[in-house]
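Working notes for the structure below.
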């Protein structure tokens, strides 16, 4: 019998305990041994949990418990779970975690600390989608050319409503909060930080890049308007919050931001709260992983899959390698990003304005691919909407600064990156 202790018996923790008990026979048949949840640590013992295991408000009762073989960490946060996971590993206990924030900041320290003790984390990225296992195992013969993912269901739900139904951002956010998809403070989701934590984990597996959230581009969907949605539709794009990692001859780009992508691409068709991750391998080509990215049972399913792997005796290094992966591969800075861009300018409606804008872009070697003019609500003003050909981020940034200084340009210039 394998005994499991759970740090954090919230929505996911309750599901883990319940599934291990209710589906115990089929899990035992697949794992080869009975797996039993025996204790859980919670912050408030007075809160009803509806689980049939012993509860404690002291995590040490779990990580120091000699009867516990595997510790499941579902606490949330960074530093406190880092201490308890570290302590469990030092005690020789295998660990399964779904904590993306913990791994975004401490994955390399934990790999070093774990050594040959299993530390699995499939549920930390995209909930029930087994993309980590695919990168660590199924695609291990491939150099990974790129990863592009819809990794936050809240943002995808909101953008789907904005695009399909013409809803305003503020209205969709309020609805997402009422449905429980977004928190009262939605910044972590709509600001792109949740997706960034997941991207950093995948980037470490694929490229061995030891980056923290502060090292990469992280932007959200707060500034997307119906003007942007209408332009995207007219020119054959969908707008998604994408987490992107891709390599070129200079290094690896890692970034999270709203992105225009062709409507015919597979990932553009992923709507609502669903997640999807596209992985391009140099041998296998493109593979797409699709499914629920959150929710108690979906995330618990991934947690239990990791537990089963440990019980079967499968371990290996946490990130899939023990030494440096592709030595010399560096994280590219923001200025080194190469993309196409969509620009939105509010300008005076008079002759010569378009020529002035085009000339200023040309000063930085930026050529226009398409253009659309739309009326503004302000008399004497119009909206100019551009897409560019490929250029470096530093050039588009400098061009936007110069454009903003033109007397004919009114208000801040908006930009969205385009991936094809």
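Numbering (the numbering used here), first residue to last: 2 to 421. Idealized CB from N, CA, C, for every residue including glycine.
When the Cα atoms are used, what is the spatial distance from residue 31 to residue 313?
Position 30 of the chain shown, counting from 1, holds the residue named residue 31. Position 312 of the chain shown, counting from 1, holds the residue named residue 313. Using only the alpha carbons, I get a separation of about 9 Å.
Based on the DSSP secondary-structure assignment, which residues constitute the bridge partners of residue 392?
One-based indexing of the chain shown puts residue 392 at position 391. Beta-bridge pairing links residue 392 to 340.
When you compare only the Cα positions, how much space is there between residue 215 and residue 199?
For the purposes of this step, residue 215 is taken as the residue at position 214 of the chain shown. For the purposes of this step, residue 199 is taken as the residue at position 198 of the chain shown. If I take the Cα positions, the gap works out to 14 Å.
For a minimum of 4 consecutive residues, which ranges assigned as the alpha helix (DSSP H) are wholly contained in the segment 289-346?
297-312
When DSSP builds the beta bridges, which residues end up paired with residue 114?
As a first step, residue 114 must be located in the chain shown, where it is residue number 113. None, per the DSSP bridge assignment.
On the three-state DSSP scale, how would you describe residue 248?
Taking the chain shown and counting its residues from 1, the one referred to as residue 248 is at position 247. Of the three classes helix, strand and coil, the one that applies to residue 248 here is strand, per DSSP.
Counting pairs of Cβ atoms below 8 Å between the segment 379-396 and the segment 328-342, do you hit three or more?
yes
Distance, residue 385 Cα to residue 350 Cα:
Sequence index remark: in the chain shown, residue 350 carries index 349 (1-based). Sequence index remark: in the chain shown, residue 385 carries index 384 (1-based). Cα to Cα, residue 350 sits roughly 10 Å from residue 385.
Looking only at its own chain, which residues have a Cβ that is under 7 Å from the Cβ of residue 12, when we skip the five neighbours before and after it?
Here the question's residue 12 lines up with position 11 in the chain shown. Cβ within range, chain order: 297.
State the Cα-Cα distance for the pair residue 108 and residue 128, rounded to the nearest angstrom.
Locating residue 108 in the chain shown gives position 107, counting from the first residue. Locating residue 128 in the chain shown gives position 127, counting from the first residue. Cα to Cα, the separation comes out at about 18 Å.
Would you report the Cα separation of residue 124 and residue 138, rounded to the nearest angstrom?
Here the question's residue 124 lines up with position 123 in the chain shown. Here the question's residue 138 lines up with position 137 in the chain shown. Approximately 16 Å, taken between the alpha carbons.
Under 8 Å Cβ to Cβ from residue 167, same chain only, skipping five residues before and after it: list those, please.
Translated into positions along the chain shown, residue 167 becomes position 166. If we look at residue 167 and ignore the five residues flanking it on each side, its Cβ neighbours are 227, 230.
Entirely enclosed alpha helix (DSSP H) segments - the segment 66-143, minimum 4 residues:
80-91, 101-115
Alpha carbons only, please: which of 283, 289, 265 is nearest the one belonging to residue 276?
Start at 1 with the first residue of the chain shown, and residue 276 comes out as number 275. The residue with the shortest Cα to Cα distance from residue 276 is 289.
Straight-line CA distance for residue 202 to residue 236?
Position 201 of the chain shown holds residue 202. Position 235 of the chain shown holds residue 236. Between residue 202 and residue 236, the C-alpha separation is close to 34 Å.
DSSP on residue 14, reduced to helix/strand/coil?
Taking the chain shown and counting its residues from 1, one reaches residue 14 at position 13. It is helical.
Identity of the residue in 233, 253, 162, 165 nearest residue 205 by Cα
Counting from 1 along the chain shown, the entry for residue 205 is found at position 204. Restricting attention to 233, 253, 162, 165, the CA atom closest to the CA of residue 205 is found in 253.
For residue 2, which residues of its own chain have a beta-carbon under 7 Å away from its beta-carbon, when the five flanking residues on both sides are left out?
In the chain shown, the residue the question calls residue 2 occupies position 1. Once the five neighbours on either side are set aside, the close Cβ partners of residue 2 are 34, 35, 37.
From 250, 258, 247, pick the residue whose C-alpha is nearest to that of residue 222; which is it?
For the purposes of this step, residue 222 is taken as residue 221 along the chain shown, with counting starting at 1. Per the Cα distances, 258.
Give me the Cβ distance between residue 304 and residue 69, rounded to the nearest whole Å; I'm assuming they're in contact under 8 Å.
Reading the chain shown from its first residue, position 303 is the one you call residue 304. Reading the chain shown from its first residue, position 68 is the one you call residue 69. The Cβ separation is near 15 Å, so there is no contact.
Using CA coordinates, which residue listed in 347, 412, 54, 239 is at the minimum distance from residue 420?
For the purposes of this step, residue 420 is taken as the residue at position 419 of the chain shown. The candidate whose alpha carbon is nearest that of residue 420 is 239.
Among 213, 160, 326, 184, which one has its Cα closest to the Cα of residue 272?
The sequence position of residue 272 within the chain shown is 271, counting from 1. Ranking the options by Cα distance to residue 272, first place goes to 160.
Any heavy atom of the ligand GTP inside 8 Å of the beta-carbon of residue 138?
This structure lacks the ligand GTP; in fact it carries no ligand of any kind.
Does the beta carbon of residue 126 sit closer than 9 Å to a beta carbon anywhere in chain C?
Here there is only one protein chain, and chain C is not present.
Which residues DSSP lists as bridging residue 276, in chain order:
Position 275 of the chain shown, counted from the start, is the residue given in the question as residue 276. 292.
Residue 161 lies in the alpha helix (DSSP H); which residues open and close that run?
For the purposes of this step, residue 161 is taken as residue 160 along the chain shown, with counting starting at 1. From DSSP, the alpha helix (DSSP H) with residue 161 extends over 154-166.
Compute the distance between the beta-carbons of residue 285 and residue 136, then report whether it is under 9 Å.
Position 284 of the chain shown holds residue 285. Position 135 of the chain shown holds residue 136. Not a contact, by the Cβ cut-off of 9 Å.
My output table needs one value for residue 185: the three-state DSSP class, helix, strand or coil.
Taking the chain shown and counting its residues from 1, one reaches residue 185 at position 184. Reduced to three states, the DSSP call for residue 185 is coil.
Nearest neighbour of residue 59, chosen from 42, 100, 73 [CA to CA]:
Taking the chain shown and counting its residues from 1, one reaches residue 59 at position 58. Nearest C-alpha to residue 59: 42.
Taking one C-beta from the segment 98-113 and one from the segment 72-89 each time, how about it: are there three or more such pairs within less than 8 Å?
By the Cβ test, the segment 98-113 is in contact with the segment 72-89, since at least three Cβ pairs between them sit closer than 8 Å.
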